[in-house]
Amino acid sequence: MLKINNNVKTLENKHWFSLFATHKNMYTNKCKKLANEYKKLDEYLYKYHYRLKQGYKVVHFALRTIITIFGDVTFKRRRYKYWNQKSGKFEYVCLLDKEIGLLPKQRIYFDVQFKVLSLLGEVMVNGIAMF
């Protein structure tokens with residue numbers, strides 16, 4: 385009878401765990417880098433002179449979480465209040481959301497949507513229905 389070497393399985397499991405941990409760290413680092421880039425962009429928008437000329441005033445900070453291909457990215461951004469002359473009342477806006485193209489209440493970022501649609505396109509081209 386053939387004996388299974390448990391040491392090989394243990395080494396293999398350690399290898400896969402190490403590989404998983406490496407990938408998890410890589411994606412975590414990407415998420416942190418992306419959150420830092422958004423933080424820098426928000427700071428730039430805050431210091432931008434055009435914002436002051438338009439009458440945007442900082443009200444408070446708000447957290448936002450979006451789902452990207454790297455994972456969940458949570459970042460803090462400023463929320464502004466300004467006087468809308470057309471409607472005749474104060475309105476609130478997050479300039480960072482406008483700058484990066486996020487719609488109100490959007491949670492899934494465009495890169496994930498694009499990936500899903502491209503995969504669906506490949507399925508439709510190959511004529512394979514996987515539903």
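Per this note's numbering, the sequence shown starts with residue 385, numbered consecutively.
Just so you know, even glycine gets a beta-carbon here, dropped at the ideal spot from N, CA and C.
Treat the numbers as computed from the prediction; the structure is a model and nothing was measured.
Item, Value
"Simplified DSSP state of leucine 447, which is helix, strand or coil", "strand"
"For glycine 455: DSSP bridge partner residues", "Thr452"
"Glutamate 421 to threonine 458 span [Cα, whole Å]", "12 Å"
"Beta-carbon spacing of isoleucine 450, tyrosine 411 below 8 Å", "no"
"Under the three-state DSSP convention, the category tyrosine 476 falls into", "strand"
"Of the listed residues Lys423, Phe445, Lys416 and Leu429, nearest to glycine 455 (C-alpha basis)", "Lys416"
"Three-state secondary structure (DSSP) of tyrosine 464", "strand"
"C-beta atoms of tyrosine 432 and arginine 462 nearer than 8 Å", "no"
"Continuous alpha helix (DSSP H) stretch holding leucine 436: start and end", "433 to 437"
"Other residues of its chain near lysine 441: CB distance less than 6 Å, five sequence neighbours each side excluded", "Lys465"
"Cross-strand partners of isoleucine 492 (DSSP beta bridge)", "Ile451"
"Assigned secondary structure, lysine 470 (DSSP; H/G/I helix, E/B strand, else coil)", "coil"
"6 Å Cβ shell around phenylalanine 498 - same chain, five flanking residues per side excluded", "none"
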